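Trainee: Pasting in a structure now, in structure tokens, and then I'll have a few things to ask.
Protein chains: 4
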Amino acid sequence: MSHTAHLETVVREIAEEMAQRTDRGEVASYIPELGNVDPGHFALVVTDAEGNVAAGGDADVPFSIQSISKVFTLTLALGMVGDRLWRHVGREPSGNAFNSIVQLERERGVPRNPFINAGAIAVTDVILSGHQPREAIGEILRFMRFLAGDPSIVIDEKVAASEKRTGFRNTALANYMKSFGVVENPVDFTLGVYFHHCAIAMTCRQLATAGRFLAYSGKNPSTGLSVVSAERARRINALMLTCGHYDGSGEFAYRVGLPGKSGVGGGIMAIAPGKASIAVWAPGLDKAGNSHLGRIALEALTKRMGWSIFGV
Amino acid sequence: MSHTAHLETVVREIAEEMAQRTDRGEVASYIPELGNVDPGHFALVVTDAEGNVAAGGDADVPFSIQSISKVFTLTLALGMVGDRLWRHVGREPSGNAFNSIVQLERERGVPRNPFINAGAIAVTDVILSGHQPREAIGEILRFMRFLAGDPSIVIDEKVAASEKRTGFRNTALANYMKSFGVVENPVDFTLGVYFHHCAIAMTCRQLATAGRFLAYSGKNPSTGLSVVSAERARRINALMLTCGHYDGSGEFAYRVGLPGKSGVGGGIMAIAPGKASIAVWAPGLDKAGNSHLGRIALEALTKRMGWSIFGV
Amino acid sequence: MSHTAHLETVVREIAEEMAQRTDRGEVASYIPELGNVDPGHFALVVTDAEGNVAAGGDADVPFSIQSISKVFTLTLALGMVGDRLWRHVGREPSGNAFNSIVQLERERGVPRNPFINAGAIAVTDVILSGHQPREAIGEILRFMRFLAGDPSIVIDEKVAASEKRTGFRNTALANYMKSFGVVENPVDFTLGVYFHHCAIAMTCRQLATAGRFLAYSGKNPSTGLSVVSAERARRINALMLTCGHYDGSGEFAYRVGLPGKSGVGGGIMAIAPGKASIAVWAPGLDKAGNSHLGRIALEALTKRMGWSIFGV
Amino acid sequence: MSHTAHLETVVREIAEEMAQRTDRGEVASYIPELGNVDPGHFALVVTDAEGNVAAGGDADVPFSIQSISKVFTLTLALGMVGDRLWRHVGREPSGNAFNSIVQLERERGVPRNPFINAGAIAVTDVILSGHQPREAIGEILRFMRFLAGDPSIVIDEKVAASEKRTGFRNTALANYMKSFGVVENPVDFTLGVYFHHCAIAMTCRQLATAGRFLAYSGKNPSTGLSVVSAERARRINALMLTCGHYDGSGEFAYRVGLPGKSGVGGGIMAIAPGKASIAVWAPGLDKAGNSHLGRIALEALTKRMGWSIFGV
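As structure tokens, then:
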């Protein structure tokens, strides 16, 4: 059996196994647009270096990518200001829940990493830097469409509006950072952009395509277009590995062994450097706020394909 | 130039570059045995899959491996009790300094991971489990000699005695865990074993050999002897990546891109899965308590050899 | 010498001593309206049970009462909802700085006491409860005028506007409590009222009069008008004693021995139960954010008059 | 009815009311000597300025005074080193549980006040200062006998031995402070003295007598013997008010309105300055670790006698 055929078999098997599991976690319920999603959904899409795509489940159903967008805003912000970004945000795991404010008090408003909420808000603030929110939102959306090679990607405005209406904790984080000068734009502007990029809706097929530059030294191997330098791609992967799953990052590294970023919509994007870009979606979450079956599916995938970055 | 010759050149160049640097960090000073070490030392040893060894600098000068021993006690404890170990210690980065006690109060005495002090004490307590301290110390030492293939490795009793004499913070951590029942043996016994395994003295050559099982699916490829399963080797590597450098773990992953474990004696063991086992020694430390030049040397090595686990 | 003459002498002496001191602390500088106040000001006014007033220094110069207003909003809120208030705020010293957010995370958004910022915002939210901000502000101002017997008291709108423009930390606190449902009104409404009552400008003479009900079992002894029950007056005094000076409350109790409440404008209102209502003003603050000379003056006053509640 | 007759009636009534209550809290259970105490006990003894004693319930049954001893060791240490004591311990409420270690990390090993465990250990260390533990224990015991005017007071050695055997958390605190140099003697010595003074057994009658110097300007009014200056007596009372009931100090001030110190044996000593020294004992504790019925009895007593320091 060819490598591609083997991969397709593995992906199909995993999709079937996940469809049958009854332990599906709990769907995020803080806004109705997430709370009403059917926990029965499952999708897994893997794109390899040659551009072959193995897809299982609801691969073409769009979902709210939520915090997965933070990988792309980080990429965009690094492209805009380079290492100056690290004046606004750190590179260490947080040891706390995704929306903790305790660490901000101890470290004078500088969030620990770009993937907790506070850190992603600080990154968004850098992208905004003096522009109108609408322009920044447009810039981020164009970047997502470019990476996914799909101009049909949109922002779910209902999700964005709900996030804004209920986002008191994020508003607290942003104001807190503002009090230390870490957030520089008007808080409402920065949060407006943040809530919108978290509300981008994508399918697993789109997401797996969008992540390919991280798997192949910063370039999309099919188009040859360079997104970032090889070093920057490695570093973004390192950040995903250490910080991509909030206070479940150690567990994800231990079990899955790939850099990845989860979102509260139940999606996870994972990267097998040199081998594959992967997207999985299963709406139910575990206690740390990461997709329950998504993690289990990725664990099965890396084991069967021998893709762990920590050894065969 | 052959791969081996290339590696030897790179190792020699890095050793020369490091010898010339004047930014050498600060030698640990809490005990005289560490405080009196010459910050001018530097050693780098790389062992590849074929057993070729490239060595630069003071490759045969023994130093106090300190917290690097925690990788080996973790391996030993997993071999003794398997996944039951995780009742005593977690698998998440701590987000705090190596000797913080704050997290223990919040999480009822269970340390976040096996590589912070509290976690390593909990692991040592599992190894001890009812035996005499002398027996447990002997067991750990035999394991180190077996892994390094060198029966001459010894414990520096002066270091162990100094650690014990000044180890009030570790005594606090152990008693604190004892108050929650996480430490089960008499605190003095557990700490006695802990202080002794931290006082093992090894050379970079010995250390690079000892780490080979982690690079090659749990086996020493030269002897063929299996130490752990391939899955366990991957998982130990994952823990080193996320937690191996205290509150500098994110930074090490970001810059070096290899699983590694540092010690306050200035040593770092790093693993390039499938490619190499590496030991570096430079006594001066950075603010997070990790070898300053050791990290810089490893960053140069992975960049020049293309060994980052996060992509080429 | 009569008691009244003695008191007048003591007040005059203290005012003279304070005028000569060169250690005056640092004026709060986060808004220009406070930062521009002359640190040379000093005022001390004592009103006894008979209504005699002993005044020294700038007794008729108005200043921003800031957090002293929290005693009066607490009184007002208790009058409106009684002990139901304690669902929104606790009664324990905080052990943290006045604007800490750490405790809120640990205790699910319920502030420790009504005198730290978060607690006072929660109290203000109770007063607002469904009304328009303008109505609530009017209610608070009318209450202050009634207590001080002086309809000329006003809010310094410039101070209120500056507080609002720079109040990111308070906005963070309010949104954080809102995320737990502890703040019930729109955050902007609650903060609008909060910033306004902190911006009330009063003289020491007015303030000493306004506090009289706390010294005399809940009644103004001159007018005979009852403000609160005797038990409630005692309890408000108890809260001032344990929590009235942020993380300097223990120190104030230890040195002065009276219930009191400080404000960042440099004012302190203190109560000698059964004996006197006291107001002092010296704009320079100590490290805990309390009036430096104000505390020293009160220490001298209680010592010379034998007024400590902890014994003669 | 004379004042004395009124007091006797009130004390008898309260003792009767408490005997009938079924809500008695939970007896401390961490050592058998406390866990086996009958929660049905109740005692209340009040000594007034003239030396009249009003006693109700089990006034002559000895109990373990535990943390109440911290008031007396504080008094002794202040007598030995004066204000230099405050280099070792602070004067602020802690905002944390009685045995919290979190604050020690933040404030470099200096405990917040002399009445939390860490603070009392630091005070004990000052008393010990170079002497043998046996001498320091003897000194403290002699001081208690002198204050109570009763040479029969002893230490319950079984309690002391149990405390030592199970005192891992206190051992953690002491070692932690030792690591910062705040504890100067060998940890075992300091803890030995600490465990012994907490194990002093006294009756309410003895305790009420021992506290009299705090009610009357530092002197025992019956013997005329001076223990401390009037100022020091006031300051110790202030510390009891703000810190005497752990994280229930604010609540005790709010409800009872007297300086007081509780112990986990169910005792509370309270001081009505100028009016009375009070001891109460009811073994069941509330959630903050203070005597449940003891606090309720004192609230009734101060209300009926009009003794609150916060007003009549």
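Protein chains in written order, with our numbering: chain X, 1261 to 1572; chain F, 1261 to 1572; chain Y, 1261 to 1572; chain E, 1261 to 1572. Positions of the beta carbon are idealized from the N, C-alpha and C atoms, including for glycine. A quick note: this is a predicted structure, and the numbers were derived from the prediction, not measured.
Hey, is T1450/X's beta-carbon within less than 8 angstroms of any beta-carbon in chain F?
Mentor: Output row for T1450/X: interface = no.
Trainee: Express the C-alpha separation of A1337/Y and L1345/Y in angstroms, rounding to a whole number.
Mentor: If you take the alpha carbons of L1345/Y and A1337/Y, they lie about 7 angstroms apart.
Trainee: Taking the beta carbon of V1572/X as the centre, do at least 16 other beta carbons fall within 10 Å, making it buried, or is it exposed?
Mentor: Counting Cβ neighbours within 10 Å, V1572/X comes out exposed, since fewer than 16 surround it.
Trainee: Tell whether a beta-carbon distance below 8 angstroms holds between N1497/E and L1467/E.
Mentor: Taking 8 angstroms as the Cβ cut-off, N1497/E and L1467/E do not qualify as a contacting pair.
Trainee: Helix, strand or coil for G1350/Y per DSSP?
Mentor: Residue state, collapsed to three classes: coil.
Trainee: Taking DSSP's pairing of strands, which residues face T1307/X in a bridge?
Mentor: Answer by DSSP bridge pairing, in chain order: V1313/X, S1537/X.
Trainee: Taking F1455/X as the reference, which of E1277/X, T1426/X, M1437/X has the closest Cα?
Mentor: It is T1426/X whose Cα lies nearest to the Cα of F1455/X.
Trainee: Can you tell me which of G1504/E, L1388/E, S1329/E puts its alpha carbon nearest to the alpha carbon of M1404/E?
Mentor: Ranking G1504/E, L1388/E, S1329/E by Cα distance to M1404/E puts S1329/E first.
Trainee: Using a Cβ-Cβ cutoff of less than 7 angstroms, which residues in the same chain neighbour S1573/X once the five nearest sequence positions on both sides are dropped?
Mentor: For residue 1573/X there is no data in the structure shown, the boundaries of chain X being 1261 and 1572.
Trainee: Would you kindly work out how many angstroms separate the C-alpha atoms of W1567/E and I1569/Y, rounded to a whole number?
Mentor: Roughly 11 angstroms separates the two Cα atoms.
Trainee: If you measure from the beta carbon of S1489/X to each beta carbon in chain Y, is any gap under 8 angstroms?
Mentor: No, its Cβ sits nowhere closer than 8 angstroms to a Cβ of chain Y.
Trainee: Check whether the Cβ atoms of P1481/E and L1501/E sit closer than 8 angstroms, and answer yes or no.
Mentor: No. Outside cutoff.
Trainee: To which residues does DSSP link E1286/F through a beta bridge?
Mentor: Answer by DSSP bridge pairing, in chain order: L1545/F.
Trainee: Please name the residue in P1543/Y, V1443/Y, K1563/Y whose C-alpha comes closest to that of A1279/Y.
Mentor: Comparing Cα-Cα distances from A1279/Y to each of P1543/Y, V1443/Y, K1563/Y, the minimum goes to P1543/Y.
Trainee: Using the rule of at least 16 other Cβ atoms within 10 Å of the residue's Cβ for burial, across every protein chain shown, is M1485/E buried or exposed?
Mentor: The amino acid at residue 1485/E is misidentified as Met; the sequence shows Leu. Flag for L1485/E reads exposed.
Trainee: Pull out every residue of the segment 1492–1522 of chain F whose Cβ sits closer than 7 angstroms to any Cβ of chain X, in chain order.
Mentor: Listed by position, the residues of the segment 1492–1522 of chain F near chain X (Cβ gap below 7 angstroms) are A1493, R1494, R1495, N1497, A1498, L1499, L1501, T1502, C1503, D1507, S1509, G1510, E1511, A1513, Y1514, G1517, P1519.
Trainee: Does E1559/E get closer than 8 angstroms to chain Y when you measure Cβ to Cβ?
Mentor: False, the Cβ-Cβ gap to chain Y never drops below 8 angstroms.
Trainee: Whole angstroms is fine: what's the gap from E1293/F's alpha carbon to R1429/X's?
Mentor: Their backbone Cα atoms lie some 49 angstroms apart in a straight line.
Trainee: Along the chain, where does the beta strand (DSSP E) that runs through I1460/F open and close?
Mentor: Per DSSP, I1460/F belongs to the beta strand (DSSP E) from 1460–1462.
Trainee: Which whole-angstrom value is the C-beta distance of N1377/F and P1353/F, which I expect to be below 8 angstroms?
Mentor: No, N1377/F and P1353/F are not in contact; Cβ-Cβ is about 15 angstroms, not under 8 angstroms.
Trainee: So which residues of chain E does V1572/Y contact, with C-beta pairs closer than 7 angstroms?
Mentor: The answer, in chain order, is S1477, A1490, G1534.
Trainee: Taking a contact to mean a Cβ-Cβ separation below 8 angstroms, would you say D1416/Y touches S1324/Y in this structure?
Mentor: In this structure, S1324/Y lies closer than 8 angstroms to D1416/Y by Cβ.
Trainee: Where does S1477/E fall in DSSP's three states?
Mentor: Coil.
Trainee: Measuring alpha carbon to alpha carbon, tell me which residue in G1527/F, N1550/F, I1531/F, R1564/F is nearest P1322/F.
Mentor: Cα-wise, what sits closest to P1322/F is G1527/F.
Trainee: Just list the residues that DSSP pairs F1414/X with in beta bridges.
Mentor: The displayed chain sequence assigns Val, not Phe, to residue 1414/X. Answer by DSSP bridge pairing, in chain order: A1461/X.
Trainee: Which residue's Cα is closest to the Cα of R1465/E: V1306/E, L1267/E, T1264/E, F1302/E?
Mentor: For R1465/E, the nearest C-alpha among the options comes from V1306/E.
Trainee: Look up F1455/E in the DSSP assignment and say whether it is helix, strand or coil.
Mentor: F1455/E falls in the helix class under three-state DSSP.
Trainee: Could you name the residues of the same chain whose beta carbon sits closer than 7 angstroms to that of A1396/E, not counting the 5 residues immediately before and after it, in chain order?
Mentor: So the qualifying residues of the chain are I1387, L1388, V1453.
Trainee: Work out the CA separation of I1400/F and F1512/X for me, nearest whole Å.
Mentor: If I take the Cα positions, the gap works out to 29 angstroms.
Trainee: Out of S1289/E, L1304/E, A1303/E, state which residue places its alpha-carbon closest to the alpha-carbon of V1297/E.
Mentor: Nearest of S1289/E, L1304/E, A1303/E to V1297/E, Cα basis: S1289/E.
Trainee: On a Cα-Cα basis, can you pick out the residue from Y1514/E, T1469/E, G1525/E, H1301/E that is closest to I1538/E?
Mentor: Here the closest residue by C-alpha is T1469/E.
Trainee: Residue range of the alpha helix (DSSP H) that I1531/Y falls in?
Mentor: Per DSSP, I1531/Y belongs to no alpha helix (DSSP H); it is in the beta strand (DSSP E), 1527–1532.
Trainee: So who's on the other strand from S1551/Y, going by DSSP bridges?
Mentor: According to DSSP, S1551/Y bridges with L1545/Y.
Trainee: Quick one: residues in its chain with C-beta nearer than 7 angstroms to the C-beta of E1559/X, no 5 flanking neighbours on either side, listed in chain order?
Mentor: Excluding positions up to five away in sequence, the list reads R1515, V1516.
Trainee: Does the distance from the CB of V1524/Y to the CB of L1545/Y come in under 8 angstroms?
Mentor: Cβ atoms of V1524/Y and L1545/Y: closer than 8 angstroms.
Trainee: For the segment 1353–1381 of chain X, list every residue whose C-beta sits within 8 angstroms of some C-beta in chain F, in sequence order.
Mentor: From the segment 1353–1381 of chain X, only P1353, S1354, G1355, N1356, Q1363, R1372, N1373 have a Cβ closer than 8 angstroms to chain F.
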